[in-house]
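Adding 457 to a residue's 1-based position in the sequence shown gives its number in our numbering. Even for Gly, the Cβ is constructed at its ideal location relative to N, Cα and C. Everything numeric in this text was worked out from a predicted model, so none of it was measured. Following: one structure in structure tokens, then a few remarks.
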Amino acid sequence: MIGHMTLRLNAVNSRAYWRALMANAVALVEDAHTLLDKGSAARARSLLILAQEELARATALYSTAMAA
């Protein structure tokens with residue numbers, strides 16, 4: 458079993474982390490679009506799944522920050 462890790466971020470670091478997550482999600486979607494245009498739908502789908510994971514992290518971070 459993997460132990461639970463708690464990450465404590467101040468407001469500045471939280472915003473920077475959120476921005477990085479969002480930028481990465483956007484880049485993954487753009488790359489997926491390029492792959493789809495080149496006929497690689499399966500790889501594009503994989504990148505979209507990764508983008509969804511980044512968005513989930515960003516949403517969780519935002520929700521936690523707003524609840525604090």
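With fewer than 16 other CB atoms across the displayed protein chains lying within 10 angstroms of its CB, Ala477 is exposed. The Cβ neighbour count for Glu511, taken over all protein chains shown within 10 Å, is at least 16; the residue is labelled buried. Taken in chain order, the whole alpha helix (DSSP H) runs of length 4 or more contained in the stretch 466 to 518 are 468 to 494.
By the beta-carbon neighbour count (other beta carbons within 10 angstroms, threshold 16), Ala473 is exposed.
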